[in-house]
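Engineer: Have a look at the structure that comes next, please.
Numbering (this note's numbering), first residue to last: 996 to 1140.
This is the structure in structure tokens:
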């Protein structure tokens, strides 16, 4: 991957810093998708010793990329997201991933397939952390938000 390709990927991913979620932080600021992704990645890192049979580096990779589709669609809360919304997000994400350097595209496609199939220990840990982080964040947010 050359420096331009690297920066273009980061430029797209930077959108998640401005993509807001439906909950607030403990200080009443609207949370970004990037903050959510960072925190579930940290959660995975911290749990390495709790899952000695899991490839935690793979879990962290899943956590880092799991919401990249929202660079193109924005965040739609799980309780409002329809199958049609998921199809659009998946399609736009796939189109983008297919434009990336082959080694990155292949790795991301393999991870997304594993994440969607939910058959491996790593994919199940990632999914549980994704849900758990949202619950933790809601509990940290002021009750009136």
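Note that the Cβ used here is the ideal one computed from N, Cα and C, for glycine as well. The structure displayed is predicted, hence computed values, not measured ones.
Judging by CA-CA distance, which residue of 1119, 1064 and 1097 is the nearest neighbour of residue 1048?
Structural biologist: For residue 1048, the nearest C-alpha among the options comes from 1119.
Engineer: Helix, strand or coil: which one does DSSP assign to residue 1016?
Structural biologist: Strand at residue 1016.
Engineer: Within a Cβ cutoff of 8 Å, which residues of the same chain sit near residue 1019, ignoring the five residues on either side of it in sequence?
Structural biologist: So the qualifying residues of the chain are 1025, 1026, 1136, 1137 and 1140.
Engineer: Spatial neighbours of residue 1035 within its chain, please: CB distance less than 6 Å, with the 5 preceding and 5 following residues excluded, ordered by chain position.
Structural biologist: Same-chain partners within the cutoff: 1058, 1124, 1125 and 1128.
Engineer: By Cβ distance, which residues of its chain are closer than 7 Å to residue 1028, with the 5 residues on each side in sequence left out?
Structural biologist: 1011, 1014, 1016, 1062, 1065 and 1070.
Engineer: To the nearest angstrom, how far is it from the Cα of residue 1117 to the Cα of residue 998?
Structural biologist: So the two alpha carbons sit approximately 31 Å from each other.
Engineer: Quick one: residues in its chain with C-beta nearer than 8 Å to the C-beta of residue 1095, no 5 flanking neighbours on either side, listed in chain order?
Structural biologist: Closer than 8 Å at the Cβ level, and outside the excluded window around residue 1095, lie 1000, 1004 and 1103.
Engineer: In chain order, what residues of the same chain lie with their CB nearer than 7 Å to the CB of residue 996, ignoring the 5 residues before and after it?
Structural biologist: These residues qualify, in order along the chain: 1096 and 1099.
Engineer: Who are residue 1025's beta bridge partners in DSSP?
Structural biologist: Looking at the DSSP assignment, residue 1025 forms a beta bridge with 1019.
Engineer: Give me the Cα-Cα distance between residue 1114 and residue 1002, rounded to the nearest whole angstrom.
Structural biologist: Roughly 33 Å separates the two Cα atoms.
Engineer: Quick check: what's the CA-CA separation for residue 1037 versus residue 1051?
Structural biologist: Rounded to whole angstroms, residue 1037 to residue 1051 spans 11 Å at the Cα level.
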